[in-house]
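Going by my numbering, the letters in the sequence shown line up with residues 902 to 1221, in that order. Let me begin by presenting the structure, written as structure tokens, before commenting on it.
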Amino acid sequence: MILEMLLFAALLVGGYFLLHVTFLKLPRCKSAVKLHGKTAIITGANTGIGKTTAMDLARRGARVILACRDRQRAEAAAQEIIQETGNSQVIFMQLDLASLKSVRSFAEDFLRSESRLDLLINNAGLMNGGKTEDGFGMIFGVNHLGHFLLTVLLLERLKASGRSRVVTVASKAYEMGKVDFNCLTTHKDVALGDSDLQLFYKYCHSKLCNVLFTYELAKRLQGSNVTCYSLHPGAIKTEIGRYAGFWWSLMMKPIIFLFFVDSESGAQTTLHCALEPGIEHASGQYFSCCAPKLNIESKATDDAVAKKLWELSESFCGLA
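Set out below in structure tokens:
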């Protein structure tokens, strides 16, 4: 009996290991590009995928701006990256994506102090309830609107820097998302409610906004040296759900522990979109596993919806 139990346990462990090295294993970014003399901004770079991305770009010689809300955590991350890479050009700059005033202040400070911008990586994301400083739903305001305004304010510097890229971390969750313009105009949010399930669906809606934003941005960048990409990083262990309720956490933590992979794996498609030569023709496309997805759902490439979302976002940000 004991022998049978040990054999069963060994089979379970072996199967789990096999699952991780096959089905759950994510491809690696293969680019050997060096970034000396280049400047990159990464939002949410003090933890998770953003921090891993910053570490990689610093190793390649880039000047890396950690655009984060939490000064203490970001400065600690900057020091760790400097020590690990030997690159002293890793800098924290204050950015709270839940405040359009903070986004404008960040952009003004950056444009005043930095002469070029080669990579803008819109990485930060959350799944929290509540409202932003400007009265928008927190998930919509941070995941989409803050990044929208940041990108628009920095576009001219990106264009002036030669070949440059905008990379936005979306998610496969976009497939469950929708854009409810009536809810957006009436309530300044993608949906109503703050239960854990409702917050998850708001996250899905915001990720569809990310993909649509990139799709529309590519059209507006035609004829320039700037290209843009959205992506699904994979099922990654990050801190995105750290404010989730007790029951949601109880249900999700075992799944995340068993079947999600680390942030280094999760950063690979971001790095591919940021660094891989010869993908300029794929500007505006959605990537997964270091490759463009050719069977993306039609709602993510709806010209009318993408244009309307852009124009509404401009209005929300006071740009129209």
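Note that the Cβ used here is the ideal one computed from N, Cα and C, for glycine as well. All of these numbers come straight from a predicted model, not from anything done at the bench.
With DSSP as the reference, label residue i as helix, strand or coil.
i       : result
PHE1188 : strand
ASN1111 : helix
VAL1127 : strand
LEU967  : strand
LEU1018 : coil
ALA941  : strand
LEU1132 : strand
MET1225 : Nothing in the structure corresponds to residue 1225, since the chain is present only between 902 and 1221.
GLY949  : helix
GLY843  : Any answer about residue 843 is impossible in this case: the structure gives the chain only from 902 up to 1221.
VAL1091 : coil
SER1199 : helix
SER1065 : strand
VAL894  : Shown here, the chain extends from 902 to 1221; a query on residue 894 therefore has no answer.
ASN1023 : strand
Report the partner residues of residue i according to the DSSP bridge assignment.
i       : result
LYS1077 : Note that residue 1077 corresponds to Met in the displayed sequence, not to Lys. According to DSSP, MET1077 bridges with nothing at all.
GLY1038 : LYS1032
PRO1193 : PHE1188
Exposed or buried, residue i, counting other C-beta atoms within 10 Å across all chains shown (16 or more means buried)?
i       : result
ALA946  : buried
VAL922  : In this prediction, VAL922 has a pLDDT of 39, which is less than 50 and means its spatial position is unreliable; what the coordinates show is noted afterwards. Per the 10 Å Cβ criterion, exposed.
GLY938  : exposed
SER1014 : exposed
ASP1010 : exposed
SER1072 : buried
ARG1064 : exposed
GLN1169 : buried
SER1216 : exposed
Residue i and residue j look like a contact to me (Cβ under 8 Å); what is the Cβ gap, rounded to whole Å?
i       : j       : result
SER1107 : ASN1044 : 4 Å
With hydrogens ignored, establish whether the beta-carbon of residue i is closer than 8 Å to any heavy atom of the ligand FMN.
i       : result
THR1115 : The ligand FMN is absent from the structure shown, which contains no ligand whatsoever.
Does any CB atom of chain B fall closer than 9 Å to the CB of residue i?
i       : result
ASP1204 : Going by chain labels, chain B is absent from the structure shown, which holds only one protein chain.
**Message:** For the structure I just gave you, are there three or more beta carbon pairs, one from the segment 1016-1029 and one from the segment 1187-1202, closer than 8 Å?
**Reply:** Because the criterion of three Cβ pairs below 8 Å is not met, the segment 1016-1029 and the segment 1187-1202 do not touch.
**Message:** Counting beta carbon pairs with one atom in the segment 1084-1097 and one in the segment 967-983, are three or more of them shorter than 8 Å?
**Reply:** As far as the Cβ criterion goes, the segment 967-983 does not touch the segment 1084-1097, which means the pair count is below three.
**Stretch pair the segment 1169-1183 + the segment 1122-1138: three plus CB contacts closer than 8 Å** = For the pair of segments examined, the segment 1169-1183 was found to touch the segment 1122-1138: the number of CB pairs separated by less than 8 Å reaches three.
**Item:** Cβ contact check for the segment 1205-1217 and the segment 1105-1119: 3 or more pairs under 8 Å
**Value:** Segments in contact, yes.
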